[in-house]
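**Q** Okay, here's the structure, questions in a sec.
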Amino acid sequence: MSGTDAAMTPQRAEAMTPQRAEATMPRRAEAATLQHAGAWAAALQERGLIDAATAAQVAETLAASGGERLDEADDSLLVVMLCGPTAVGKSSLINALAGADISRRGLGATTRAAVLYVHEQDDPARLYAYSHGLGGERQETEMVRHHADALLHKVLVDSPDIDSVMLEHRDLTARLVHAADVVLFVTSPEKYKVMRSARWVLGQRQQRGMAFVLNKWDREALGVQYDRRAELEADFRRVLAEQGFPDALVFKVSALNAPDDRENDLPALRAWLETGISQSTGAAIRQRRQRAAWGRLASVIEAAVPAPLSDHPFLPDLTRRLAAAGATAEQSVAVEAALVQPRSPDDSVWPSTPGLLGMWVRTRQRLGATATALRSGVSFLRLPDADATDAGPRRDRFGQDSAAALAAAMTELARDAALARLPLGPVEAAWAAEATRLDRQLAPLPLAVETEVVTEAGGHTLRRALGTASLYGVEILVVAVLLIAAVRVGIDFVTGAYAPGSLFLTAMELIFILLLIGHITASLFFPPLQKRLRRRVAQRAKALVRGSSDRLHTELRAHVDAVDQLSREGRELLRAIDRTMTALATAKSAAGVDRLFGQAETQRIPEAAVPVATPTEPARRRPRFD
Numbered sequence: 001m002s003g004t005d006a007a008m009t010p011q012r013a014e015a016m017t018p019q020r021a022e023a024t025m026p027r028r029a030e031a032a033t034l035q036h037a038g039a040w041a042a043a044l045q046e047r048g049l050i051d052a053a054t055a056a057q058v059a060e061t062l063a064a065s066g067g068e069r070l071d072e073a074d075d076s077l078l079v080v081m082l083c084g085p086t087a088v089g090k091s092s093l094i095n096a097l098a099g100a101d102i103s104r105r106g107l108g109a110t111t112r113a114a115v116l117y118v119h120e121q122d123d124p125a126r127l128y129a130y131s132h133g134l135g136g137e138r139q140e141t142e143m144v145r146h147h148a149d150a151l152l153h154k155v156l157v158d159s160p161d162i163d164s165v166m167l168e169h170r171d172l173t174a175r176l177v178h179a180a181d182v183v184l185f186v187t188s189p190e191k192y193k194v195m196r197s198a199r200w201v202l203g204q205r206q207q208r209g210m211a212f213v214l215n216k217w218d219r220e221a222l223g224v225q226y227d228r229r230a231e232l233e234a235d236f237r238r239v240l241a242e243q244g245f246p247d248a249l250v251f252k253v254s255a256l257n258a259p260d261d262r263e264n265d266l267p268a269l270r271a272w273l274e275t276g277i278s279q280s281t282g283a284a285i286r287q288r289r290q291r292a293a294w295g296r297l298a299s300v301i302e303a304a305v306p307a308p309l310s311d312h313p314f315l316p317d318l319t320r321r322l323a324a325a326g327a328t329a330e331q332s333v334a335v336e337a338a339l340v341q342p343r344s345p346d347d348s349v350w351p352s353t354p355g356l357l358g359m360w361v362r363t364r365q366r367l368g369a370t371a372t373a374l375r376s377g378v379s380f381l382r383l384p385d386a387d388a389t390d391a392g393p394r395r396d397r398f399g400q401d402s403a404a405a406l407a408a409a410m411t412e413l414a415r416d417a418a419l420a421r422l423p424l425g426p427v428e429a430a431w432a433a434e435a436t437r438l439d440r441q442l443a444p445l446p447l448a449v450e451t452e453v454v455t456e457a458g459g460h461t462l463r464r465a466l467g468t469a470s471l472y473g474v475e476i477l478v479v480a481v482l483l484i485a486a487v488r489v490g491i492d493f494v495t496g497a498y499a500p501g502s503l504f505l506t507a508m509e510l511i512f513i514l515l516l517i518g519h520i521t522a523s524l525f526f527p528p529l530q531k532r533l534r535r536r537v538a539q540r541a542k543a544l545v546r547g548s549s550d551r552l553h554t555e556l557r558a559h560v561d562a563v564d565q566l567s568r569e570g571r572e573l574l575r576a577i578d579r580t581m582t583a584l585a586t587a588k589s590a591a592g593v594d595r596l597f598g599q600a601e602t603q604r605i606p607e608a609a610v611p612v613a614t615p616t617e618p619a620r621r622r623p624r625f626d
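Numbering follows full-length UniProt numbering, with no gaps: position 145 of the sequence shown is 145.
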């Protein structure tokens with residue numbers, strides 16, 4: 001790699017925008033699985049089937065899966081990430097490997113950006129597209145191009161220190177690691193026992209390949225410890241064995257590159273990067289890393305898969321009680337409708353005749369309107385909790401009690417469902433909205449129905465025509481009686497013979513009988529509005545309540561079906577991931593790859609050695625994916 005100095009042109013802070021990263025990438029079933037998993041997780045969160053912590057874990061794991069390049073059909077890039085604690089000579093090491101000053105030295109934890117060492121024939125836009133750590137608008141990476149053919153399709157990444165005092169630097173390294181196939185952990189004789197570094201290493205075990213560099217392996221750096229370097233190496237390997245790497249690949253390196261130092265593994269490290277990781281070895285590492293990434297994704301998906309609701313033991317009782325609440329609301333609103341009082345008297349739609357009968361009807365209407373106004377005034381002056389049963393229910397509150405009772409029943413059902421661990425999700429909000437909607441629909445119903453009834457009663461119909469003719473006939477008879485009585489009185493007055501008092505009584509009785517006949521006739525041809533109003537209000541109100549109850553049932557059934565479908569989709573996702581992992585597991589493994597991934601965790605890790613979890617490390621693991 002040292003021969004690349006003259007041809008190398010460092011391109012600092014080369015912007016790799018998302019637009020340049022939107023290259024056409026081949027799609028395959030794995031890409032569809034990731035897309036399906038994202039939509040599935042969004043649907044779970046929308047229905048309230050996962051808590052905020054689980055939802056965040058699923059989202060972070062899916063984002064990291066993009067960084068792991070799981071949706072790439074033919075990814076030939078091998079990403080080697082150099083990381084380690086502060087002041088271990090990591091930047092000097094990558095400069096020594098590259099044969100040029102591509103990484104700034106001596107800055108330690110203040111290094112703000114990762115450095116990418118990329119062959120000029122490789123397209124780094126693919127990395128920016130896949131990794132949420134390499135891409136973005138913050139330009140957290142710098143890129144250096146080279147033409148060392150030995151590193152074709154191999155990208156070296158110099159990351160910020162993992163124990164940086166700057167939290168954003170450590171976060172950047174945690175994001176970058178998901179784009180790495182191999183982590184080259186760099187430490188030094190005075191830093192290798194730092195537990196923070198060891199915990200970080202343990203957190204990456206079985207997830208990606210790891211090799212270890214013990215830097216500053218020279219007399220000048222070791223000082224008085226130089227003669228005890230064999231003991232230092234043995235102790236370092238013991239620490240690695242305790243962290244799950246009993247057969248770790250270790251390079252003892254001095255970035256000074258002293259030509260007479262036969263123990264300096266810098267040439268061996270360079271040869272391992274250039275030729276030791278062959279095309280087949282790189283493919284095996286990528287497959288092993290992808291299998292671990294799929295396993296982490298499967299772990300969080302398995303934890304989020306909801307149980308089907310159709311078989312929930314509380315569902316039949318919930319459905320029965322929901323139907324009972326609807327039936328009770330129907331009965332309640334029917335009772336309210338039976339107490340509705342019309343605003344106008346029942347005879348307000350009778351035709352107005354010019355005679356004595358019409359005068360009688362108009363007088364009754366005025367008296368009825370006056371009584372209604374007096375009752376309204378008295379009701380207005382009463383206290384809110386005064387007894388108003390004598391005036392009937394308030395028209396502006398019609399249906400409010402029934403809607404409130406239905407809403408209370410829905411609240412109780414939702415509480416009982418929560419106690420029975422039956423998640424209702426958006427159904428609770430839909431139920432509350434439906435109760436509010438029912439209240440708004442019932443309140444104006446009496447006035448609307450009364451207007452409709454009055455309009456219909458005043459229309460031109462045969463019945464109304466016959467009734468009007470009958471009333472006019474009664475008026476004519478009343479006038480005839482009055483005329484006969486008047487003629488008889490006039491004749492008696494002229495002749496001087498005065499009519500007996502019984503004539504007047506007979507005339508008054510006949511007129512009263514005729515007015516009574518007219519009233520009865522009007523009642524027959526023009527039925528009372530009150531009865532018709534109450535009957536129609538009851539019909540309309542019960543229909544509204546029944547429709548609202550049906551919508552409540554529909555919301556519940558739709559939610560149950562949706563949860564069952566999401567449960568099936570979750571299991572289908574797990575099966576698809578299983579198939580992918582099986583294909584990756586059956587691929588031929590190159591020699592020496594297993595040692596890079598360490599041993600699987602077989603026993604509980606002591607609290608002091610618990611790894612610092614990366615943002616996408618699941619809290620729960622599926623053993624069959626290990």
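Cβ coordinates follow ideal geometry from the N, Cα and C atoms, glycine included.
These numbers come from a predicted model, not from an experiment.
Is residue 50 closer than 8 angstroms to residue 181 when the C-beta atoms are compared?
**A** Translated into the one-based positions of the sequence shown, residue 181 becomes position 181. Translated into the one-based positions of the sequence shown, residue 50 becomes position 50. Cβ distance not < 8 angstroms, so residue 181 and residue 50 don't count as in contact.
**Q** How would you write the range of the alpha helix (DSSP H) that residue 235 sits in, first residue to last?
**A** Here residue 235 corresponds to residue number 235 of the sequence shown, with the count starting at 1. From DSSP, the alpha helix (DSSP H) with residue 235 extends over 229-242.
**Q** Leaving out five residues before and five after residue 351 in sequence, what residues of the same chain have Cβ atoms less than 7 angstroms from its Cβ?
**A** As a first step, residue 351 is located in the sequence shown; it is residue number 351 there, counting from the start. Only 468 and 471 meet the Cβ criterion.
**Q** Which ranges does the beta strand (DSSP E) cover as unbroken runs of at least 3 residues, wholly within the segment 45-102, from first to last along the chain?
**A** The qualifying runs are 78-83.
**Q** Using 8 angstroms as the cut-off, can you tell me whether the segment 531-546 makes contact with the segment 443-451, which would need three or more C-beta pairs spanning the two stretches below that distance?
**A** Touching, per the Cβ criterion.
**Q** Does residue 452 come out as helix, strand or coil in the three-state DSSP assignment?
**A** Working through the sequence shown from its first residue, we reach residue 452 at position 452. The answer is helix: DSSP assigns residue 452 an H, G or I state.
**Q** Please report how far the alpha carbon of residue 287 lies from the alpha carbon of residue 569, in whole angstroms.
**A** Here residue 287 refers to the residue found at position 287 of the sequence shown. Here residue 569 refers to the residue found at position 569 of the sequence shown. Roughly 25 angstroms separates the two Cα atoms.
**Q** Here's the rule I'm using: 16 or more other beta-carbon atoms within 10 Å means buried, otherwise exposed. How should residue 580 be labelled?
**A** Your numbering for residue 580 matches position 580 in the sequence shown. Label assigned to residue 580: buried.
**Q** Below 8 angstroms, can you find three or more Cβ-Cβ pairs linking the segment 315-333 to the segment 545-556?
**A** Enough Cβ pairs lie closer than 8 angstroms, so yes.
**Q** What are the residues that DSSP puts in a beta bridge with residue 158?
**A** Mapped onto the sequence shown, residue 158 falls at position 158. Partner(s): 82 and 115.
**Q** Residues bridged to residue 186 by DSSP?
**A** Locating residue 186 in the sequence shown gives position 186, where the first residue counts as 1. In DSSP, residue 186 forms a bridge with 213.
**Q** Between the Cα of residue 41 and the Cα atoms of 87, 303 and 315, which residue gives the shortest distance?
**A** What you label residue 41 is simply residue 41 of the sequence shown in a count that begins at 1. Per the Cα distances, 303.
**Q** Express the C-alpha separation of residue 314 and residue 404 in angstroms, rounding to a whole number.
**A** Here residue 404 is taken as the residue at index 404 of the sequence shown, counted from 1. Here residue 314 is taken as the residue at index 314 of the sequence shown, counted from 1. Residue 404 and residue 314: Cα-Cα distance of roughly 24 angstroms.
**Q** Which residue from 577, 560, 585 and 337 puts its Cα closest to that of residue 307?
**A** On the sequence shown, position 307 is the one that residue 307 refers to. Of the candidates 577, 560, 585 and 337, the one whose C-alpha sits nearest the C-alpha of residue 307 is 560.
**Q** Tell me, please, which residues DSSP counts as bridged to residue 191.
**A** Sequence index remark: in the sequence shown, residue 191 carries index 191 (1-based). For residue 191, which the question treats as bridged, DSSP gives no partner whatsoever.
**Q** Are the beta-carbon atoms of residue 176 and residue 159 separated by less than 8 angstroms?
**A** Your numbering for residue 176 matches position 176 in the sequence shown. Your numbering for residue 159 matches position 159 in the sequence shown. Yes, the Cβ-Cβ distance between residue 176 and residue 159 is below 8 angstroms.
**Q** State yes or no: is the C-beta of residue 88 within less than 8 angstroms of the C-beta of residue 117?
**A** Within the sequence shown, the letter at position 88 stands for residue 88. Within the sequence shown, the letter at position 117 stands for residue 117. Cβ atoms of residue 88 and residue 117: not closer than 8 angstroms.
**Q** Using only alpha-carbon positions, find the residue among 86, 522 and 37 that is nearest to residue 71.
**A** As a first step, residue 71 is located in the sequence shown; it is residue number 71 there, counting from the start. Comparing Cα-Cα distances from residue 71 to each of 86, 522 and 37, the minimum goes to 37.
**Q** Tell me whether residue 466 is buried or exposed, calling it buried when 16 or more other Cβ atoms sit within 10 Å of its Cβ.
**A** The sequence position of residue 466 within the sequence shown is 466, counting from 1. Residue 466 is exposed by the Cβ-count criterion.
**Q** Name the DSSP bridge partner or partners of residue 250?
**A** Here the question's residue 250 lines up with position 250 in the sequence shown. Residue 250 pairs with 212.
**Q** So, are the CB atoms of residue 273 and residue 80 less than 8 angstroms apart?
**A** Within the sequence shown, the letter at position 273 stands for residue 273. Within the sequence shown, the letter at position 80 stands for residue 80. Yes. Within cutoff.
**Q** Return helix, strand or coil for residue 306, following the three-state DSSP convention.
**A** Counting from one through the sequence shown, the residue named residue 306 turns up at place 306. Note: residue 306 maps to coil in three-state DSSP.
**Q** So the alpha helix (DSSP H) residue 472 belongs to, where does it begin and stop?
**A** Position 472 of the sequence shown holds residue 472. Taken as a continuous stretch (DSSP letters only), the alpha helix (DSSP H) holding residue 472 covers 462-495.
**Q** Using the beta-carbon count (16 or more within 10 Å), is residue 178 buried or exposed?
**A** By one-based count along the sequence shown, residue 178 stands at place 178. Label assigned to residue 178: buried.
**Q** Which residue marks the beginning of the alpha helix (DSSP H) containing residue 326, and which one marks its end?
**A** Here residue 326 corresponds to residue number 326 of the sequence shown, with the count starting at 1. Per DSSP, residue 326 belongs to the alpha helix (DSSP H) from 315-338.
**Q** Going straight from the alpha carbon of residue 508 to that of residue 494, what length do you get?
**A** Taking the sequence shown and counting its residues from 1, the one referred to as residue 508 is at position 508. Taking the sequence shown and counting its residues from 1, the one referred to as residue 494 is at position 494. Going from the Cα of residue 508 to the Cα of residue 494 covers about 23 angstroms.
**Q** Whole-angstrom Cβ separation of residue 215 and residue 253, contact assumed at under 8 angstroms?
**A** Along the sequence shown, read from residue 1 onward, the residue named residue 215 stands at position 215. Along the sequence shown, read from residue 1 onward, the residue named residue 253 stands at position 253. Yes, they are in contact, since the Cβ atoms of residue 215 and residue 253 sit about 5 angstroms apart, within 8 angstroms.
**Q** Please classify residue 501: does DSSP put it in a helix, a strand, or coil?
**A** As a working note, residue 501 is residue 501 in the sequence shown. The answer is helix: DSSP assigns residue 501 an H, G or I state.
**Q** Could you tell me the boundaries of the alpha helix (DSSP H) in which residue 439 lies?
**A** Here the question's residue 439 lines up with position 439 in the sequence shown. Note, residue 439: alpha helix (DSSP H), 426-442.
**Q** What residue range does the alpha helix (DSSP H) around residue 684 cover?
**A** The chain is shown only over 1 to 626; residue 684 falls outside these bounds and no answer can be derived.
**Q** Around the Cβ of residue 338, are there at least 16 other Cβ atoms within 10 angstroms (buried) or fewer (exposed)?
**A** Counting from 1 along the sequence shown, the entry for residue 338 is found at position 338. It is exposed - the Cβ of residue 338 has fewer than 16 other Cβ atoms within 10 Å.
**Q** Using three-state DSSP, classify residue 353 as helix, strand or coil.
**A** As a first step, residue 353 is located in the sequence shown; it is residue number 353 there, counting from the start. Coil.
**Q** Counting pairs of Cβ atoms below 8 angstroms between the segment 429-436 and the segment 482-496, do you hit three or more?
**A** In short, these stretches do not touch, since the Cβ pair count stays below three.
**Q** Work out the CA separation of residue 219 and residue 229 for me, nearest whole Å.
**A** Here residue 229 refers to the residue found at position 229 of the sequence shown. Here residue 219 refers to the residue found at position 219 of the sequence shown. Each residue's Cα considered, the two are about 10 angstroms apart.
**Q** Heavy atom of the ligand SAH less than 7 angstroms from the Cβ of residue 306, yes or no?
**A** This structure lacks the ligand SAH; in fact it carries no ligand of any kind.
**Q** With three or more C-beta pairs closer than 8 angstroms as the rule, is the segment 205-213 touching the segment 286-301?
**A** Output reads yes: the segment 205-213 touches the segment 286-301.
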